[in-house]
Every structure is written in C-alpha cells, then in structure tokens.
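Undergrad: Residues 10 to 232, numbered by the numbering used here, are exactly what the sequence shown covers, in order. Yeah, the Cβ is synthetic: ideal placement off N, Cα and C, and Gly gets one too.
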Amino acid sequence: MALNQTSKGLVVAVVAAASFGLSGAFIKPLLESGWSPAAAVTARVLIGGVVLAPFAILALRGRWASLWRGRWRLLGMALVGVAGTQVLYFAAIERIPVGTAILIEYLAPVVLVLFVWARTRRAPKAVVLAGSAVAIAGLLLVVSPGGGKPLDLVGVALAVTAMLGCAGYYIIAARPSDGLPPVALAAGGLLAGGVALAAVSATGLLPFVVSTRDVQLFGGPAP
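Structure, rendered in structure tokens:
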C-alpha cells in the first residue's frame with residue numbers, strides 16, 4: 010500500500026527524532042573522555058556537512074542564486090539550529106541524563122503551541138492540547154521531581170535554553186524555501202555552523218578540547 014504525503018512525512022519525522030535522540034547517546038561517552046561540547050558539536054556538524062554536500066550540489070542543479078536568496082534562513086539554521094542549540098544540549102548532557110535532556114528539548118513543539126495561542130488568541134484544537142499535556146506528563150514522569158536523585162539545575166537550565174533554540178530551529182525550517190532544497194539548507198547550515206563554532210572557539214570564548222582516549226560504548230572500550 011502506497012503511503013500518502015502525510016504518512017511519508019510522519020515516517021521521516023520519526024526517523025529524524027530517533028536519529029537526533031541517538032546523537033546524545035553517542036556523544037556522551039566523548040564528553041566523558043574529555044571532549045568539550047563545542048569540539049564535539051564542531052566535529053559532528055562538519056562531518057555531517059561534508060557527507061551531505063554532494064547531495065546538496067546535486068539537488069541545487071546549478072541554481073546557486075537560491076543560496077543567496079535563502080541566506081538569512083541558512084544563517085539562522087547555522088547559528089540557532091546547528092551551533093547554538095546543539096552546544097547547549099551537549100553541555101546539558103554533561104550534567105544530566107541524556108533521556109532527561111532530550112525530553113526537555115523535545116518540549117519545543119509545546120512552546121510553539123503556547124506561543125501561537127498567545128499571539129493569535131485562538132485556542133488550539135483539543136487533540137493538540139491533549140498531545141501537549143501528554144508530553145509534559147511524560148517529562149515529569151522521567152524527571153520525577155521530588156523523587157530520586159536531585160537534578161543539576163544548571164544542566165536543566167541548559168536543556169531548557171536548548172529547547173527554546175530548538176523551537177527557533179523549527180520556525181526557521183518551516184519558512185518559505187525560496188527555491189532552496191531541504192538537503193542544501195541542511196548541508197549549508199551544518200557547514201556554516203561548524204565554521205562559526207570553530208571561529209568562536211579560536212577566540213577562546215568557548216572551551217575547545219579534544220581527546221584521543223578510548224571511550225566506553227555499548228559496555229566496552231572503543232577508539
């Protein structure tokens with residue numbers, strides 16, 4: 010049975026969410042081995058940008074003007090979605106569990122629902138409100154305030170700030186494309202974000218530390 014566009018979009022969204030969720034599980038061992046969040050994000054996004062670049066070039070088909078028309082959207086993706094949000098998220102998982110940090114960050118859609126509600130003065134549909142309530146309840150169950158070990162408040166604050174950055178990322182991604190293919194936006198955002206992070210780190214504003222020590226991954230050492 011062929012999938013309609015909405016079903017295809019949902020499948021892609023679930024795969025994207027799972028992929029981003031796994032990024033924390035892979036990065037946390039690097040952070041524990043001595044990498045700084047800025048260094049880990051810079052390496053990650055530059056590698057991703059280089060991998061996507063050939064596909065972006067193919068998708069553009071010589072329409073280089075679309076890069077210039079979409080320059081502000083691309084810059085916003087680079088600085089907000091790629092650099093800022095990920096550095097904050099990786100800084101958060103240095104202090105709190107990956108599961109807690111990702112759940113906080115993935116409350117970004119709830120923030121957008123509340124923002125649109127406040128701006129338009131129109132209540133969202135019941136199903137949207139119900140989904141938002143379930144998301145918040147799930148976070149409370151995982152974080153379990155008042156029970157278990159105390160949470161690092163700085164880590165929670167970093168995750169909340171990453172959540173706001175993620176909401177901004179969704180807004181930027183949803184803006185009109187001006188002919189810029191999605192893969193070109195992703196590749197350009199990754200490359201520009203990585204260069205921006207490297208430039209800021211070179212000034213000493215962000216700690217940039219790498220390590221060649223083995224990491225503990227899936228219960229054993231890995232290079």
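1) Helix, strand or coil: which one does DSSP assign to G155?
2) For Y179, collect the residues of the same chain with a Cβ closer than 8 Å to its Cβ; drop the 5 residues on either side in sequence, then sort them by chain order.
3) Taking the straight line between their C-alpha atoms, what separation do you get for L31 and L214?
4) Grouping DSSP H, G and I as helix and E and B as strand, with all else coil, what is P230?
5) Pull up the distance between the alpha-carbon of K37 and that of P190, whole angstroms please.
6) Assign L3 to buried or exposed, taking buried as 16 or more other Cβ atoms, counted over all protein chains shown, within 10 Å of its Cβ.
7) Quick check on the DSSP output: the alpha helix (DSSP H) that includes G30 runs from which residue to which?
8) Within 10 Å of its beta-carbon, does F99 have 16 or more other beta-carbons around it, so buried, or fewer, so exposed?
9) For the region 99-108 against the region 42-52, do three or more pairs of beta-carbon atoms, one drawn from each stretch, fall closer than 8 Å, so that the two count as touching?
10) Based on Cα-Cα distance, which residue from A207, G198 and V218 lies nearest to A62?
11) Going by the CB atoms, is the gap between E103 and A168 shorter than 8 Å?
12) How would you call S28, buried or exposed, if buried means at least 16 neighbouring beta carbons within 10 angstroms?
13) Answer with buried or exposed for L88, where buried requires no fewer than 16 other C-beta atoms within 10 angstroms of its C-beta.
14) Going by DSSP in three states, V218 sits in which element: helix, strand or coil?
15) In whole angstroms, what is the alpha-carbon distance linking V192 and L200?
16) Judging by CA-CA distance, which residue of G85, G229 and P159 is the nearest neighbour of T109?
TA: Let me lay it out:
1) Residue mapping note: residue 155 aligns to position 146 of the sequence shown, counting from 1. Because the pLDDT at G155 is just 49, under 50, the model does not fix this residue reliably, and the value given afterwards should be weighed accordingly. Residue state, collapsed to three classes: coil.
2) In the sequence shown, counting from the first residue as 1, residue 179 sits at position 170. Around Y179: A117, P118 and L121.
3) Looking up residue 31 in the sequence shown gives position 22. Looking up residue 214 in the sequence shown gives position 205. Taking the straight line joining both Cα atoms gives about 28 Å.
4) Looking up residue 230 in the sequence shown gives position 221. Strand.
5) Taking the sequence shown and counting its residues from 1, the one referred to as residue 37 is at position 28. Taking the sequence shown and counting its residues from 1, the one referred to as residue 190 is at position 181. Cα-Cα distance, rounded: 32 Å.
6) Nothing can be reported for residue 3, as the shown portion of the chain is limited to 10 through 232.
7) For the purposes of this step, residue 30 is taken as the residue at position 21 of the sequence shown. First-last of the alpha helix (DSSP H) with G30: Q14 to E41.
8) As a working note, residue 99 is residue 90 in the sequence shown. Buried.
9) yes
10) To locate residue 62, count along the sequence shown from 1; it is residue 53. Measuring from the Cα of A62, the nearest candidate turns out to be G198.
11) To locate residue 168, count along the sequence shown from 1; it is residue 159. To locate residue 103, count along the sequence shown from 1; it is residue 94. Against a cut-off of 8 Å, the Cβ pair of E103 and A168 comes out as no contact.
12) Counted from its first residue, the sequence shown places residue 28 at position 19. It counts as exposed.
13) As a first step, residue 88 must be located in the sequence shown, where it is residue number 79. Buried.
14) Here residue 218 refers to the residue found at position 209 of the sequence shown. In this structure, V218 counts as coil in the three-state DSSP scheme.
15) Residue numbering aside, residue 192 sits at position 183 when the sequence shown is read from its first letter. Residue numbering aside, residue 200 sits at position 191 when the sequence shown is read from its first letter. Answer to the nearest angstrom: the Cα atoms are 12 Å apart.
16) The count along the sequence shown starts at 1 and reaches residue 109 at position 100. Nearest C-alpha to T109: P159.
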